[in-house]
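Below is one structure, written out as structure tokens; comments come after it.
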Amino acid sequence: MSTRNGSACFGLALWAAEQLPRHTVTMKRVAKMRMVIAAAYSAQMLSWLLAACALIPQPKNVVVILADDMGLASLHAEHPDSGLPTPNLDGLHAQSMSFTDAHSGSAVCSPTRYGLLTGRYAWRTHMKQGIVAKWGAPLIAQDRMTFADVGREAHLHTACIGKWHLGWHWPTADGGTTTKAANVDYSKPIGGGPLEAGFDHYFGDDVPNWPPYVWIEDDLALSVPSSTMDQDDANGVRRGPMTPGWSLEAVLPELTRRCVNYIHKRATANEPFLLYFSMTSPHTPISPSETFLGQSGVSRYADFLLETDWSVGQVLLALEQCGLADDTLVIFTADNGTSPKCNFSSLQAGGVNLRAHWRGMKADVFEGGHRVPFLVRWPGVVEPGSSCDEPIVLTDIMATIAAALQVALPDGAAEDSVSLLPRLEQQPNVAPLHDVIVNHSSQGRFAVRKGSWKLCCCASSGGWTSPTSEQKALASGLPSMQLYDLSVDPSETTNLVGSNPRQATHMLDLFRAVVERESNDGGSWWKKLPWSASEAGGS
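So the sequence shown is numbered by my numbering: it starts at 20 and just counts up by one.
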């Protein structure tokens, strides 16, 4: 590319950034995007863009669908013995490449969502374990690039519809912010949410089982939650402010309707788009709508899983009806494994098995905590019905979208993200995508994968499967680490750390290199890392 043409592209990109919608909250994003575009403008980056242009057709639209608490075995096409049909997802599976060894960055919600949107492991932030608390502040820093920014740089309208759970600046009457429910002023804009993370539009209810029970559109609450939702521990529902007449059963249908309407609206306007459909199901509250109640003949959870499949089908149908299916990159995945709220034993009694041979559940370092479905449909690029068994992680979504949209990522963005394009195109003789991938449990314990080898840096599950307590696990004589060869022991039954210590040490060294290769908020060492502060240089 000549200097003149490169400068023209650079100028056009800056002009495009200036044309972004003038929401008050998005003006900050315009300034941020100018810096991002400037950082990406280099001969090396522009050469990469030219190479990408020559290799693949750019999708007109991107749709990312993230189910909530849905392990790999919940997808009938991946686990035919599940006992529960998922016809719409099976249809998508037949049209896609399925990554059968895909993992959420964390075994719980918020950290996976952070990693998916930013391409950075959430344990690099101040949140070293757990999730964003009720009324919590934003986890995504103002200057952190997201895949919504990537979409906007590619001139796509960007929307997030559904669950957010990454924190907000909850407003007070005096113009400040608060983390206390009683002090929130719902008449004022709610900052720190999806608009400040690069999305042009948002509609959702933040967290479906937590207050406030109110619809938020863009950065405004659509009503004042003047009633109170009662506590329902069995269904995971927490007490708090509620919009009068709020219906838990109406949430998923409304979000689905909003996604369908958004697609139709963009198609009518002939406007390319990036849609992030962050589903609220099959997470608690397990509240299937009247149409699906009793449909499975097994349980409310099974009904809700059927409704989840229907919801995905409605989005895919909208793309077909609008003539956009052939021009749209679709990614379907989930934020972590299946929750015990599904009541595994009750499902089993009804002939439904959602665990296959994976050990554990949501929150754990074990495979059941973070092995998730991952389907990519991209007509003209991805071979329908193909599969890939290489380990990947959801942080890879950002680099993949950037490569597909031919947007160069600047230094300091998407540090833990690798483009999946070589696998999607089935390029021959390509090196492994990752040296290792890292998974994180609810308690902040780590699992590290290299090939078929898996090292759990704890004696416990790190989550909700017994043993849950690290202290008690060690006191009972369990080794401080667990090493498994998943090629012969996918259920993680035989700990090989005693018989193969060199492999464990090798993987620990690789993991440490991942931790130390990029900045980590609060320093390069914290208590849950499996080496001491002195070994890390006292940092």
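All C-beta atoms, glycine included, are put in the ideal place defined by N, C-alpha and C.
- Rounded to whole angstroms, the gap between the alpha carbons of L439 and G399 is 16 Å.
- In this model, V151 and S543 are separated by some 21 Å (Cα to Cα).
- Residue pairing by DSSP leaves V401 without any beta bridge partner.
- Fewer than three Cβ pairs drawn from the region 96 to 108 and the region 377 to 389 lie within less than 8 Å of each other, which leaves the two stretches out of contact.
- The C-alpha of A216 is placed about 36 Å away from the C-alpha of W472.
- Under DSSP, the beta-bridge partners assigned to R390 are H122.
- Secondary structure at Y140: coil, using DSSP grouped into helix, strand and coil.
- One alpha carbon belongs to D528, the other to G463, and they sit about 19 Å apart.
- In the structure shown, the three-state DSSP call for S506 is coil.
- Relative to G170, the option among L428, N254, Q314 whose CA is nearest is L428.
- Secondary structure note for R374: it is in no beta strand (DSSP E), with a DSSP letter that is neither H nor E.
- Judged by DSSP secondary structure, S495 falls outside any beta strand (DSSP E); it is assigned neither H nor E.
- Residue pairing for V412: DSSP places it in a beta bridge opposite H122.
- DSSP places Q161 outside both helix and strand once states are collapsed to three, so it counts as coil.
- Relative to the Cα of E386, the nearest Cα in the group N355, H283, S364 belongs to N355.
- With respect to D168, P190 sits apart: the two C-beta atoms are not nearer than 9 Å.
- For C475, the enclosing beta strand (DSSP E) starts and ends at 472 to 475.
- Between the alpha carbons of F393 and T513 lies a distance of about 27 Å.
- Collapsing the DSSP output to three states places N355 in coil.
- When only Cα atoms are considered, D540 and P99 end up about 43 Å apart.
- In the structure shown, the three-state DSSP call for R257 is coil.
- In this structure, the beta-carbon distance from V82 to T347 falls below 9 Å.
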